[in-house]
Amino acid sequence: MSGWTDPHEPGARPLAPADRLEAALRGAIDDTGHPAPALVAFLTGGHPTREGFSALLRDVAEEADAVEVGVPFSDPMADGVTIQESSRKALEQGVNLSWILDTLRDTVRRPDWPGTPLLLMGYLNPFLRMGMGRLADRARDAGVCGFIIPDLPLEESAPIRATLASRGLALVGMVTPVTPPARRERICREGTGFIYAVTRTGITGGDFTGGTSGLAAETAGFLDAARAVSRAPLLAGFGIRSAEQVRALAAHCDGVIVGSALIEVIDRGEDPGAFLRGLRR
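Numbering of the sequence shown is given in the numbering used here, commencing with residue 25 and proceeding in unit increments.
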């Protein structure tokens, strides 16, 4: 959860969505009100069911500082088996980008919505098919504060970054342990909302430490180097499954992203809120 509240006086101009996202991540607190690593939760849009997704999104938003909603894609190159399967189930139910945007819009307008910032994660082609300007307008109307586009090359990102920035929306940068230092620095300086530090190469869902606790020296060094040049909060993702991992990461980044492990909890019919709360203990 976030302890952030808008510092502006009533009637003042509100924060842009990208700034609201960053403020929420920097203001993360635990159940006792103490500062804590930020927690971003990933959900596949429309999974496990179209009918139940809005309620699930709200429940997860109560416990997370931001929620990343994935647009199902037939060939998700960066996703592991768990998220691939969740995408397949969603696609079989007819879930698409337009449906997700409509559902997010309706959900954030409910009186019980906790105000948690949303992110839209998806591959480039579906976004381009809708048109980035139209997409950005609909996304902002749906409570989206930023985008994660894993297959968008840095060299081709400027027009999309400009389109999103003109609506106050973030374009999250992604770095990996094998990103060359000069390129990593550029990504970290240009990314907005937060920087997504992929803790290992490959696909989502694996374990970045080889166990449930501890942190490999190479991972710590990579995170420290990225954090040193990042203007936005640095969040670590890929393979986050336990409170021990979150504690080990806390000294080297500003928060974590949990995806595959949360989808597995949902698929087992367990309480996602309890799982997310447990990551902060």
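Cβ coordinates follow ideal geometry from the N, Cα and C atoms, glycine included.
All of these numbers come straight from a predicted model, not from anything done at the bench.
- request: Enumerate in chain order the residues of its own chain whose CB-to-CB distance from Met-154 is below 7 Å, with the five nearest sequence positions on each side excluded.
  value: For the purposes of this step, residue 154 is taken as residue 130 along the sequence shown, with counting starting at 1. Excluding five sequence positions before and after Met-154, the CB atoms of its chain that fall closer than 7 Å to its own CB belong to Leu-121, given in chain order.
- prompt: Hey, is the region 250-261 in contact with the region 193-212, meaning 3+ C-beta pairs nearer than 8 Å?
  reply: At 8 Å Cβ cutoff, the stretches touch.
message: If you measure between the beta carbons of Gly-279 and Val-64, is that distance less than 8 Å?
response: The residue given as residue 279 occupies position 255 in the sequence shown. The residue given as residue 64 occupies position 40 in the sequence shown. The answer is yes: Cβ separation under 8 Å.
task: Enumerate in chain order the residues of its own chain whose CB-to-CB distance from Ser-111 is below 8 Å, with the five nearest sequence positions on each side excluded.
output: Within the sequence shown, numbered from 1, the residue matching residue 111 stands at position 87. Correct list, in chain order: Thr-68, His-71, Gly-94, Pro-96, Phe-97, Ser-98, Pro-100, Asp-103.
- request: Using three-state DSSP, classify Leu-286 as helix, strand or coil.
  value: As a position in the sequence shown, residue 286 is number 262, starting the count at 1. Here Leu-286 sits in helix by DSSP.
- prompt: Going straight from the alpha carbon of Ile-287 to that of Arg-74, what length do you get?
  reply: Here residue 287 is taken as the residue at index 263 of the sequence shown, counted from 1. Here residue 74 is taken as the residue at index 50 of the sequence shown, counted from 1. Straight-line spacing of the CA atoms in Ile-287 and Arg-74 works out to 15 Å.
query: Ordered along the chain, which non-local residues of its own chain (more than five positions away) have a Cβ less than 7 Å from that of Thr-131?
result: Mapped onto the sequence shown, residue 131 falls at position 107. Excluding sequence neighbours, Thr-131 sits near Ser-78, Leu-81, Arg-82, Trp-137.
task: Check each candidate in Arg-210, Glu-209, Val-202 and name the one with the smallest Cα separation from Asp-222.
output: The residue you call residue 222 lines up with position 198 of the sequence shown. A quick correction: the sequence has Val, not Asp, at residue 222. Among Arg-210, Glu-209, Val-202, the Cα nearest to that of Val-222 is on Val-202.
- prompt: Just the Cα atoms here: how many angstroms apart are Ala-250 and Ile-173?
  reply: Residue 250 sits at position 226 when you count from the first residue of the sequence shown. Residue 173 sits at position 149 when you count from the first residue of the sequence shown. Here the C-alpha atom of Ala-250 lies approximately 19 Å from the C-alpha atom of Ile-173.
- prompt: Taking C-alpha atoms, which residue in Glu-87, Pro-38, Gly-57, Ala-48 lies nearest to Pro-296?
  reply: For the purposes of this step, residue 296 is taken as the residue at position 272 of the sequence shown. Minimum Cα distance to Pro-296 is reached at Glu-87.
task: Compare the Cα-Cα distances from Ala-48 to each of Trp-123, Glu-109, Thr-140 and report the closest residue.
output: The residue you call residue 48 lines up with position 24 of the sequence shown. Among Trp-123, Glu-109, Thr-140, the Cα nearest to that of Ala-48 is on Thr-140.
message: Using CA atoms only, rank isn't needed, just tell me which of Val-253, Arg-292, Glu-242, Ser-284 is closest to Leu-273.
response: As a first step, residue 273 is located in the sequence shown; it is residue number 249 there, counting from the start. Here the closest residue by C-alpha is Glu-242.
query: Where does Phe-246 fall in DSSP's three states?
result: Taking the first residue of the sequence shown as position 1, residue 246 is located at position 222. Here DSSP, grouped into helix, strand and coil, assigns Phe-246 to helix.
- prompt: Hey, which unbroken runs of the beta strand (DSSP E) at 3 residues or more fall wholly within the region 104-152?
  reply: Those beta strand (DSSP E) runs which fall completely within the region 104-152 and span 3+ residues are 142-145.
One or two residues paired with Ala-60 in a DSSP bridge: Counting from one through the sequence shown, the residue named residue 60 turns up at place 36. According to DSSP, which records beta bridges pairwise, Ala-60 is partnered with nothing at all.
task: Just list the alpha helix (DSSP H) runs in the region 187-211, keeping only unbroken ones of 4 residues or longer that don't cross its boundaries, in chain order.
output: Runs of the alpha helix (DSSP H) lying entirely within the region 187-211, each at least 4 residues long, are absent.
- prompt: Where do the ends of the beta strand (DSSP E) carrying Gly-261 lie?
  reply: Looking up residue 261 in the sequence shown gives position 237. Start and end: 258-261.
task: Work out the CA separation of Glu-46 and Trp-28 for me, nearest whole Å.
output: To locate residue 28, count along the sequence shown from 1; it is residue 4. To locate residue 46, count along the sequence shown from 1; it is residue 22. Confidence at Trp-28 is low in this model, with a pLDDT of 43, below 50, so the placement of that residue should be treated as unreliable; the coordinate-derived value is given next. Approximately 10 Å between the Cα atoms of the pair.
task: Taking all protein chains shown into account, decide if Thr-56 is buried (16 or more other Cβ within 10 angstroms of its Cβ) or exposed.
output: Stepping through the sequence shown from its first residue, residue 56 is reached at position 32. Burial is judged here by how many other beta carbons sit within 10 angstroms of a residue's own beta carbon; Thr-56 has fewer than 16 and is exposed.
message: Give me the residue from Ser-284, Leu-144, Arg-255 with the minimum Cα distance to Arg-208.
response: Start at 1 with the first residue of the sequence shown, and residue 208 comes out as number 184. The shortest Cα separation from Arg-208 among Ser-284, Leu-144, Arg-255 belongs to Arg-255.
- request: Report yes if the C-beta distance between Leu-125 and Ala-163 is below 8 Å; otherwise report no.
  value: For this step, residue 125 is matched to residue 101 along the sequence shown. For this step, residue 163 is matched to residue 139 along the sequence shown. Yes, Cβ-Cβ distance for Leu-125 and Ala-163 is below 8 Å.
query: Where do the N-terminal and C-terminal ends of the alpha helix (DSSP H) with Phe-299 fall, by residue?
result: Working through the sequence shown from its first residue, we reach residue 299 at position 275. It spans 296-302 - the alpha helix (DSSP H) in which Phe-299 sits, taken as one unbroken run.
message: Tell me the residue span of the beta strand (DSSP E) that contains Glu-92.
response: In the sequence shown, residue 92 corresponds to position 68, counting from 1. Glu-92 -> beta strand (DSSP E) spans 90-94.
query: Can you tell me whether Leu-152 is buried or exposed, with buried defined as 16 or more other CB within 10 angstroms of its CB?
result: As a first step, residue 152 must be located in the sequence shown, where it is residue number 128. By the neighbour-count rule (16 or more Cβ atoms within 10 Å), Leu-152 is not buried but exposed.
- request: Indicate whether Asp-54 and Arg-265 have their beta-carbon atoms separated by less than 8 Å.
  value: Stepping through the sequence shown from its first residue, residue 54 is reached at position 30. Stepping through the sequence shown from its first residue, residue 265 is reached at position 241. Not in contact: Asp-54 and Arg-265 (Cβ atoms no closer than 8 Å).
message: Just to confirm my understanding: we take Ala-52, look at its own chain, exclude 5 residues before and 5 after, and list those with CB closer than 6 Å. What are they?
response: As a first step, residue 52 must be located in the sequence shown, where it is residue number 28. Closer than 6 Å at the Cβ level, and outside the excluded window around Ala-52, lie Ser-26, Ala-60, Ala-62, Asp-89.
field: Which residues DSSP lists as bridging Leu-67, in chain order
entry: Translated into the one-based positions of the sequence shown, residue 67 becomes position 43. Beta-bridge pairing links Leu-67 to Val-93.
message: If you follow the beta strand (DSSP E) that Phe-171 is in, where does it begin and where does it stop?
response: Walking along the sequence shown from the start, residue 171 turns up at place 147. 168-172 is the extent of the beta strand (DSSP E) around Phe-171.
Closest by C-alpha distance to Arg-129, when choosing among Ala-114, Asp-165, Lys-113: Along the sequence shown, one-based indexing puts residue 129 at 105. Cα-wise, what sits closest to Arg-129 is Asp-165.
task: Would you give the residue range spanned by the beta strand (DSSP E) that Ala-221 belongs to?
output: For the purposes of this step, residue 221 is taken as residue 197 along the sequence shown, with counting starting at 1. Taken as a continuous stretch (DSSP letters only), the beta strand (DSSP E) holding Ala-221 covers 219-222.
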